[in-house]
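See below for the structure under consideration.
Number of protein chains: 2
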Amino acid sequence: MHGSRRVKIVDVAAAAGVSVTTVSHVISGRRPVSAATRARVEDAVRRLGYQADPSARGLRTQRTDTIGLVVPDITNPFNTELAAGIQAIAYARGLLTVVCEAPITGGPRLPAVLGQLTARRLDGIVLGRFGAQRADLDLIAASGTRLVRLGTRIADGPGDVVRGAETEGMRELVRYLAGEHGYRRIGFIGGETGVEPGGERYEGYRQALAEAGRTVPEDLTVWTGFTREGGRAGAARLLDAAEPPDAVVCANDLIAIGALDVARQRGVHVPGRLAVTGYDDIDAASMVSPALTTVVNPAREIGRSAARLLIDRLDGDDGPAREIVLTHQVVRRASA
Amino acid sequence: MHGSRRVKIVDVAAAAGVSVTTVSHVISGRRPVSAATRARVEDAVRRLGYQADPSARGLRTQRTDTIGLVVPDITNPFNTELAAGIQAIAYARGLLTVVCEAPITGGPRLPAVLGQLTARRLDGIVLGRFGAQRADLDLIAASGTRLVRLGTRIADGPGDVVRGAETEGMRELVRYLAGEHGYRRIGFIGGETGVEPGGERYEGYRQALAEAGRTVPEDLTVWTGFTREGGRAGAARLLDAAEPPDAVVCANDLIAIGALDVARQRGVHVPGRLAVTGYDDIDAASMVSPALTTVVNPAREIGRSAARLLIDRLDGDDGPAREIVLTHQVVRRASA
DNA sequence: CTGAAAGCGCTTACAG
DNA sequence: CTGAAAGCGCTTACAG
């Protein structure tokens, strides 16, 4: 049932009439080989369909040619785009990418997942937004696995960083609400407290209000979860306030979509009586109605940059830690 | 422990005062070990933080403990759910899952991706919906990699199959439109012709009309692409027909969402003047308004079943090829 | 119940 | 420009 005997490097050597040393070098290109010999070896490789055994190679080289992406939610469209960006770059380099989920609550927790991945001796790990413990990060770094963190600050731990300019993006969005549009009571619905990108985005909201000479209306700030459910709960709370908001800034699009649900259900017109904004610009942002005013989070490009950074490191770049910041872009649609 | 020397099995053996053979057997549980010895070894493993090198193990066992999922579009929510289902089962078994994209058009093509994966000696592959060549499939099977195909028929190639009851699901949906609801002119917007799951779903539509003693209104059938854009183009065509439809059945949710766009833009009330239905029940289906009436495609459950099937095979099940069919479920919301 | 040793299939110093 | 051989870190017959 299982195919014939796998062809190995000795078979190729025999077919080409050379040593396995030479076959190996033809394949890797790591030392000069005469044109004639090279041709014979390449021909044998092709004829026999030889593909080196990755376990044997990995045992020798101490490399797995595999990198990992760890995210809290594999079905979140932002993370999916991220994965697509990483894969595009990694695939071209012959690196395999494994995407692992470590939910914030429920399911295998982050330390357990990171443990699995270091056990697998991955060459590098891209760590999606997380409230990761410093100890977890140090464990990765200590294991020799290269690390790229997403959406946090370079000072927060080992490894390189790629992030969007989130504070700036949110500041511009809220500046637009508070200035041009003249909304007076602007509330905020965040995700889980302490989980990025909540802090960055809240900070942008705060700064924009401060610029406009206002303070954060504490009674209009709620922290829930980065989900549609969270948005529903948060919006319900805000609309029940003694003095309800005329605009609500949400920490991501899913929360905003939940807020839209509540507004529709209660007959609150958007944006007439309540403006609603999101963050990320996931596909659904333009599918709901009214379509969401939001900020583009360049997920795919973040993924590409992270993969390039990782590959540089694997190629021996041992320079100081780097931080790559990608620009934001506000998208005005119908909801605000 | 600055990424210095990795601890290996000899270190554990030395620390526990036993042979590496015994350490290996304590870990694998493949032969009896006295309780006292076992305790000492387990203690040493814990103290030293030992994790077996997967390359070394793989070289010996000829296993990679890794499975692959290949899909045409990694950002499609259906495929994401599929991946989540597979991973949940695989992770619990200590199997790593790699998700690879092989676009129908553009990007690395299917044979190239399958080549990469067989080179990696994956233990098993789950192949998402595809117009895969028989030769590609035979290549996988011949390499000893176990194969599960999704959404096709068992007779179409080697390996096992998992699929939803799509013809049945669509038949029930259209039966509901044509019977209970009394829609008279029911149009159909399909994706690319010849690409699954288009055929299955069209067939269900056709059967339901036949049951109701009607024929397919040829002027109300259009084939575009499985995207929101495709839905817009298709709906525009149908609404421009000499005798427009009062209901339009779409081959998936994205198409239906595009149809909703066109209806809104033209001021055609849904479902009052035009009913719209989708298929898959992706997250966005309940986010748009009116919320989509659609059919649940149990993506996550399909993933779970595929992973279980694969694991059975890896555990030595050499029985005849199996086909698992999962039931459908119509979800009635506001759009029809 | 336990251990010594072969060998999985590569890559890479070392040698010519 | 090329080859013989060591060795990467495990698992598993084989032996006691």
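Same order as they appear, the protein sequences are chains A and B. Counting from 1, position 263 in the first sequence corresponds to residue 263 in this note's numbering; the numbering is continuous, with no gaps. Counting from 1, position 132 in the second sequence corresponds to residue 1132 in this note's numbering; the numbering is continuous, with no gaps. All C-beta atoms in this analysis are idealised placements derived from N, C-alpha and C, irrespective of residue type, glycine included.
If you measure from the beta carbon of Pro1244(B) to each beta carbon in chain A, is any gap under 7 Å?
-> no
Cutoff 6 Å; reference Leu69(A); Cβ partners in own chain excluding five residues on either side | Ala83, Ile86, Val99, Val126
Would you mind telling me which residues of chain A sit closer than 7 Å to Val1099(B), beta carbon to beta carbon, in chain order?
-> Val99
Coarse secondary structure for Ile1324(B), derived from DSSP in three states | strand
For chain A, is any of its Cβ atoms less than 7 Å away from the one on Ala1307(B)?
-> no
Select from Pro1217(B), Val1216(B), Ala1233(B), Arg1214(B) the residue whose C-alpha is nearest the C-alpha of Trp1223(B).
-> Ala1233(B)
Given Leu1048(B) as reference, the closest of Pro1072(B), Ala1035(B), Ala1015(B) once Cα atoms are compared = Ala1015(B)
C-beta neighbour in chain B for Thr75(A), strict 7 Å = yes
C-beta neighbour in chain A for Val1288(B), strict 7 Å | yes
Residue range of the alpha helix (DSSP H) that Ala119(A) falls in?
-> 110-119
Under 7 Å Cβ-Cβ, which residues of chain A neighbour Asp1081(B)?
-> Checking the sequence, you will find Glu at residue 1081(B) rather than Asp. Neighbours of Glu1081(B) on chain A, chain order: Thr75.
What residue does the alpha helix (DSSP H) around Glu1168(B) start on, and which one ends it?
-> 1166-1178
Beta-carbon separation of Ala259(A) and Ala235(A) under 7 Å?
-> yes
Can you tell me whether Ser1034(B) is buried or exposed, with buried defined as 16 or more other CB within 10 angstroms of its CB?
-> exposed
If you draw a straight line from the C-alpha of Ala1247(B) to the C-alpha of Leu1274(B), how long is it?
-> 5 Å
C-alpha gap between Glu42(A) and Ala36(A), whole angstroms | 10 Å
Near Asn79(A), which residues of its chain fall below 7 Å by C-beta distance, leaving aside the five closest residues on each side in sequence?
-> Val71, Asp73, Gly128
Would the region 236-246 of chain A and the region 256-271 of chain A be scored as touching if the rule is three or more Cβ pairs under 8 Å?
-> yes
Tell me which same chain residues have a C-beta within less than 8 Å of the C-beta of Thr145(A), skipping the five on either side of it?
-> Leu117, Thr118, Arg121, Leu122, Asp123, Gly124, Ile125
Give the residues of chain A in contact with Pro1108(B), contact being defined as C-beta atoms less than 7 Å apart.
-> Tyr91
Those runs of the alpha helix (DSSP H) which lie wholly inside the region 1197-1261 of chain B and span at least 4 residues | 1198-1211, 1228-1239
Opposing strand residues paired with Glu1067(B) [DSSP bridges] | Strictly speaking, residue 1067(B) in this sequence is Ile, with Glu absent from that position. Paired residues: Thr1097(B), Gly1124(B).
Give the residues of chain B in contact with Leu96(A), contact being defined as C-beta atoms less than 7 Å apart.
-> Val1098, Arg1120
Mapping DSSP to helix, strand and coil, what is Thr1080(B)?
-> helix
Under 7 Å Cβ-Cβ, which residues of chain A neighbour Ala1056(B)?
-> Leu59
Given 8 Å, three or more beta-carbon pairs between the region 1285-1297 of chain B and the region 276-296 of chain A = yes
Could you pull out every residue in the same chain whose Cβ sits closer than 8 Å to the Cβ of Arg1185(B), ignoring the five residues on either side in sequence?
-> Pro1217, Leu1220, Glu1243, Pro1244, Pro1245, Asp1246, Ala1247
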